[in-house]
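Undergrad: The listed protein sequences correspond, in order, to chains A, B and C.
The opening position of the first sequence corresponds to residue 955 in my numbering, with each subsequent residue numbered one higher.
The opening position of the second sequence corresponds to residue 21 in my numbering, with each subsequent residue numbered one higher.
The opening position of the third sequence corresponds to residue 1089 in my numbering, with each subsequent residue numbered one higher.
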Amino acid sequence: MKKMIALVLAVMMLVPAFALADNIIKIGVYEPASGDSGAGGKQETLGVQYANFKTPTVTIGDTEYKVELVTADNGSSTDKAPSAAQKLVSENVSVVLGSYGSGVSIAGSDYFKNANIPAIGLTCTNPQVTAGNSHYFRICFLDPFQGTVLANYAKDALGASTVYCLGELGNDYDQGLITYFKQAFEGLGGMVITESFPTGTADFTSYLTNATAYGADVFFCPVSIAYSTQIIQQASAQGLAIAILGGDTLDSNVVADATKGTNVKVVITTFYQEGANEEFDTGFKAWLNENPDMLTNNGGNDVISAVSVMGYDGYYTALAALQAAGSVDGAAVMAALPAVTIDGVSGHIAFDETGDAIRTSAFVKTVNNETGAWEFVTEQSVSGN
Amino acid sequence: MNVWDTVFPYLLSGISVGGQYALIAIGYTMVYGILRLINFAHGDVFMVAGIVMVYIASSGLPIWVCIPLVLLITVFVGFLIERVAYKPLRSAPRMSVMISAIGVSYALQNLVLYVTGGLNKQYPTIPWISDTVVIGPAKTKLVTVITPILVIALVVALVLLINKTKIGMAMRAVSKDFETSQLMGIKINNVISATFIIGSFLAGVGSILYFTNYPTVIQTSGAMPGLKAFVAAVFGGIGSIPGAVIGAFIIGIMENIIKGLDVILFKAGIISGPMGLATFSDAFTFALLIVILIVKPTGLFGEKVTDKV
Amino acid sequence: MKKKNNIGSYITLGVVILIYAAVFIAEQTIPSTSMLFTVLKKGATYALVAVSMNLLNGFTGIFSLGQAGFMLIGAYIYGIFTIPVSMRGQVYQYFDGGLVQFTLPIIIAMILGGLAAAFFAFLIGLPVLRLKSDYLAIATLGFAEIVRAIFQWNGLGPVTNGSNMLRSFPNFNDFNITDAQGNVTVYLSTLIPFIMSGICILIIVLLINSSYGRAFKAIRDDEVAAEAMGINLAHHKRLAFCISSFFAGVSGAMLAMYQTTVQAKSFTSAMTYEILLIVVIGGIGSVTGSVLSSFLFVACSEWWLRFLDEQQMIGDFQVPLLRNGFRLVVFSVIIMIVVLFFRRGIMGDRELWNLNFTGRRKNKGDGK
């Protein structure tokens, strides 16, 4: 028996060793696959996987390398993030993509920094992810920008004068976006009330009551998908009359499904609207429908989430950086990244001096309560950001 | 809006969630009464009942088949836990049994994490009790109203069972004196199994009500309600079923009042802006626990026990 | 008797020196990205908190579940007082840089973290230590939850940064010695946590073997008898509680250094349960056992069992069941087996220095 086990273990060790015989380059995918943001993380990973499926190799210099994705589940929590980050580091990845959620990105940041591995943030919008370091880059817009867009929308389109904001305690994404929203909205002369709920809360009825009691015109909850579906369903049961406003995390078919058949108006800002790039849309959907596992990871249907698009663009940004560096060494890629530009599905990507993508517009979308589909509302730009 | 209109919605939420805690708390208090064991896994049994419902309902069975099936499976899980994890430790020190309970809790959570992939599962909508009703100044699901009524009905039935039937008498005897009742010919293992079966059944009912109100289930869903229900059991006097129920209602209501305390104080003109007191909605339960343990360790309705040397 | 103990002590000393030397050499030779060092750093941190919990649960018989709360206090105090002033504007971005505008040396901040934890333990101990076993457990568990809520409250934001992350404080990697170009010349990032943890555990061992330690064990074995022998129950229980919490606080500071960020929401009761399970696997009442099982636990959960979470192919055969989360299922089964069938854990209540090295069988009970 013992010999058997030893044999099995030996075979397992050998398999990766054989694989190494080819020219392989590893890209780390640092995303949550479980926890509150697990649904979003899986969709973001799908985008990367699809890009890897389309372009499985990259030519650096004269050598063709096979790209291998190494995934690590950061569990949507900052205390599980270190070991996930360490796993990628110990696998010697050349560049890291991720994460969905700003808190885990910040928590893993030092591990990548110490190992000289550059990281490309896909949808972590908190400014703190890239501020004050040279190894973290990002291809999405930032919260000061998103907060301003949302505040303008709440003021102009929804005609709000009082906004009730609800975020999760200790979630950097929620708290950051709420802060910037508050700054912008108060700058427009509105009033903002903020509250936070402890992690793991399931009962939001009292918070919804609070919003009504304060006389709020808009309920702003840029929270994880897991919480937002709860909030929408409980809002529907309570007959919440005001609109629910959310950030990019709410752009998921899971949220749309929860809204379907209710009377709750859900408005969000995001990176991409289905239909903007026909080629990507059809290709991605076909790929999803061919792989039942992938379809499950996408929440059971083939609606495209913006985070998948960002995953897709992130992968090509990484490939462009590898080619520009002409090397698989992390430090060389890091040095090459600031100058990388690509025309992605979500728009043109170029980095500014902090390593953030220069983005000037966001899409505003809402859920059709009857069909449960995302509908395009407007594309909003903010000058001076 | 007058004060009542402001406070009423919180009371309503509180009574609803309190009733659901009560159903879990009964399981804690009965097990403690008989085995002197804090069954840390009880909250997870509640969560497992929720997950089982998600999977059974997704198989397409009609809901009137699902509900009894879920209760049956929950009861079986409770029974199995006792047989596997607690029975072999009957003669071991109490600390070992408690550690075993923590181990079971850890195992159940990890098992569900594995099965669900760590993602939130959408609880199926159960017709009728999910309908929206309007009560006074608040709008809510019908389940909110049904919960307290159902809880009281179940508690009356349970008290009758304990006071009027043979198994009930055996339970009372075992909780008074474990060894003597054994000598008197009571089949102690049957009594203990019956206790776990009743407790799990009520947790199953509680999970249906709870998740209809708050419709997502994840492996940690049972941890907080479980702890709060336990606090409720201690508050009411552990071993006392009416005590556990009253404790649960008090905790449910207080918790929701605290979530709305900022608004209530704000409306009353006591404070000028939100103070973030909602942060303490969970912590309050535990503060209450510590206070009650210090002031009246036997709880509201608990009996005084003398220590045996 | 005395003589044999000495032999045991010398052997233990030898083993410990060997381990430290091995760690030092490994660190200079193996690439620092290896998973080994993650395991060693986290293991050293957990070893300290497991031993501190064992001091209470195993040696004094106080069943406390407040460990996560005390670690939280230690971690926060450490973080609050060591974040460089220049970074405070960024970390405390929502609170204008926070109130505290100075830094303390790392060691001072760690000790302060421990003292703060001990102080809170003293306060909470006044009322709750009168309670009996499981009531005490649930009260301390509740206390940890309360601490977590207080540290998350925005009202204390200027000090605790509200519910937001503390970061940028010195971590284990800052102990590496670097040359002028920033290249590491001597790696110390694993040895230092070993030394920190080692010193603290040594103090605990010395305490256990002192007259206080004997009093603790007497309380564990029989409270009434111990009181009759003239041991001041309240005093000794409080002492054990405060000392244990002090070291839990120090290990919290180490955890902060390991994680490089601190956030109150991660110090849940699940963390306490994990530590309790480590103590149980190692053997309740054995310092050596707690240390061993900490490293085993961390290595299994972070490293050795990781392959269970990923699809594995043997030839063309895909091993069934393996996917995200399976590792934890296997892990919980192992724990349940230990809890049910090997209740004495790895070491029972024996210690490395009490093991019979001379080959003669030792009679049960004359280990002291």
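We treat Cβ as the ideally placed atom computed from N, Cα and C, and that holds for glycine.
Using a Cβ-Cβ cutoff of less than 7 Å, which residues in the same chain neighbour S1259 (chain A) once the five nearest sequence positions on both sides are dropped?
TA: Around S1259 (chain A): Q997, D1205, S1206 and N1207.
Undergrad: Suppose contacts are defined by Cβ-Cβ distances below 8 Å. Is M1253 (chain C) in contact with Q1189 (chain C) by that definition?
TA: No, the Cβ-Cβ distance between M1253 (chain C) and Q1189 (chain C) is not below 8 Å.
Undergrad: List the whole-angstrom C-beta distance separating G39 (chain B) from H62 (chain B), where the pair is believed to meet the contact cut-off of C-beta under 8 Å.
TA: Their Cβ separation, rounded to whole angstroms, is 17 Å, which puts G39 (chain B) and H62 (chain B) out of contact at 8 Å.
Undergrad: So which residues on chain A does T305 (chain B) lean against when the C-beta distance must stay under 7 Å?
TA: Simply none; closest approach about 12 Å.
Undergrad: Check for me: the alpha helix (DSSP H) holding T1213 (chain A) runs from which residue to which?
TA: T1213 (chain A) -> alpha helix (DSSP H) spans N1207 to T1213.
Undergrad: Using the beta-carbon count (16 or more within 10 Å), is L1229 (chain C) buried or exposed?
TA: The residue in question, L1229 (chain C), is buried, as its Cβ has 16 or more Cβ neighbours within 10 Å.
Undergrad: What span of residues does the alpha helix (DSSP H) with V265 (chain B) cover, start to end?
TA: It spans I261 to K279 - the alpha helix (DSSP H) in which V265 (chain B) sits, taken as one unbroken run.
Undergrad: Quick check on T1183 (chain A): buried or exposed, where buried means 16 or more other Cβ atoms within 10 Å of its Cβ?
TA: By the neighbour-count rule (16 or more Cβ atoms within 10 Å), T1183 (chain A) is buried.
Undergrad: Of all the residues that make up the segment 140-151 of chain B, which are near chain C by a beta-carbon distance shorter than 7 Å?
TA: The residues in question: there are none.
Undergrad: Within the continuous alpha helix (DSSP H) that includes C1119 (chain A), where are the two ends?
TA: Unbroken run through C1119 (chain A) is the beta strand (DSSP E), T1116 to E1122; no alpha helix (DSSP H).
Undergrad: How is A1035 (chain A) classed by DSSP in three states: helix, strand or coil?
TA: It is helical.
Undergrad: Quick one: what's got a C-beta closer than 8 Å to F99 (chain B)'s C-beta in the same chain, skipping five residues either side?
TA: Taken in chain order, the residues that qualify are S213, F216, I217 and S220.
Undergrad: Determine the chain A residues that contact N1259 (chain C) at a beta-carbon separation under 8 Å, and present them in chain order.
TA: In chain order: D1064.
Undergrad: Of all the CB atoms in chain B, is at least one closer than 8 Å to the CB of K1319 (chain A)?
TA: K1319 (chain A) does not count as touching chain B.
Undergrad: Taking the C-alpha atoms as reference points, what is the distance between G272 (chain B) and L31 (chain B)?
TA: Whole-angstrom Cα-Cα distance: 9 Å.
Undergrad: When the Cα atoms are used, what is the spatial distance from I1099 (chain C) to L1295 (chain C)?
TA: Using only the alpha carbons, I get a separation of about 20 Å.
Undergrad: Given this structure, state the Cα-to-Cα distance separating V124 (chain B) from V211 (chain B), to the nearest angstrom.
TA: About 21 Å.
Undergrad: What does the Cβ neighbour count give for H1302 (chain A), buried or exposed, with the cut at 16 atoms within 10 Å?
TA: Counting Cβ neighbours within 10 Å, H1302 (chain A) comes out exposed, since fewer than 16 surround it.
Undergrad: What residue range does the alpha helix (DSSP H) around H1323 (chain C) cover?
TA: Unbroken alpha helix (DSSP H) run through H1323 (chain C): L1321 to Q1347.
Undergrad: Taking V95 (chain B) and V72 (chain B) to be in contact with their CB atoms under 8 Å, please state how far apart those CB atoms are, rounded to whole angstroms.
TA: Not confirmed; about 11 Å, so no contact.
Undergrad: With DSSP as the reference, label F306 (chain B) as helix, strand or coil.
TA: If DSSP states are grouped into helix, strand and coil, F306 (chain B) belongs with the helices.
Undergrad: Going by other Cβ atoms of all chains shown within 10 Å of its Cβ, with 16 needed for buried, is I1265 (chain C) buried or exposed?
TA: I1265 (chain C) comes out exposed.
Undergrad: State yes or no: is the C-beta of V1221 (chain A) within less than 8 Å of the C-beta of V1209 (chain A)?
TA: It is not a contact, given that the beta carbons lie outside the stated cut-off.
Undergrad: Would you mind reading off the limits of the beta strand (DSSP E) that contains F1317 (chain A)?
TA: Residues S1315 to V1321.
Undergrad: Apart from the five residues on each side of it in sequence, which residues of its chain come closer than 7 Å, Cβ to Cβ, to L1276 (chain C)?
TA: Taken in chain order, the residues that qualify are F1263, N1264 and I1265.
Undergrad: Going by the DSSP bridge assignment, what does K161 (chain B) pair with across the sheet?
TA: Its beta-bridge partners are B:T152.
Undergrad: Just to confirm the assignment, what range does the beta strand (DSSP E) spanning T1224 (chain A) have?
TA: V1220 to T1224 is the span of the beta strand (DSSP E), which, as asked, contains T1224 (chain A).
Undergrad: Step through the CB atoms of chain B and report whether any lies within less than 8 Å of the CB of E1140 (chain A).
TA: E1140 (chain A) does not count as touching chain B.
Undergrad: Can you list, in chain order, the residues of its chain with a C-beta nearer than 7 Å to that of G1371 (chain C)? Leave out the 5 residues immediately preceding and following it.
TA: Cβ within range, chain order: G1377, R1432, G1433, I1434, M1435, G1436 and D1437.
Undergrad: Does W1391 (chain C) have its Cβ less than 8 Å from a Cβ in chain B?
TA: Not closer than 8 Å to any Cβ of chain B, the Cβ of W1391 (chain C) fails to qualify, so no.
Undergrad: Starting from F1238 (chain A), trace the alpha helix (DSSP H) both ways and give me its first and last residue.
TA: Its alpha helix (DSSP H) spans residues E1232 to E1244.
Undergrad: Taking 8 Å as the cut-off, does the segment 1287-1294 of chain C touch the segment 1112-1120 of chain A (at least 3 CB pairs, one atom from each stretch)?
TA: Too few Cβ pairs lie closer than 8 Å, so no.
Undergrad: Determine the contact status of I76 (chain B) and C86 (chain B), defining contact as a CB-CB distance below 8 Å.
TA: Yes, the pair counts as a contact, with Cβ atoms nearer than the cut-off.
Undergrad: Is it buried or exposed for P147 (chain B), if we count other Cβ within 10 angstroms and need 16 for buried?
TA: Exposed is the call here.
Undergrad: Under 8 Å, Cβ to Cβ, is there at least one residue of chain B near N1412 (chain C)?
TA: So yes, N1412 (chain C) belongs to the interface.
Undergrad: According to the neighbour-count rule (16 or more other Cβ atoms, all chains shown, within 10 Å of its Cβ), is V1173 (chain C) buried or exposed?
TA: So V1173 (chain C) counts as exposed.
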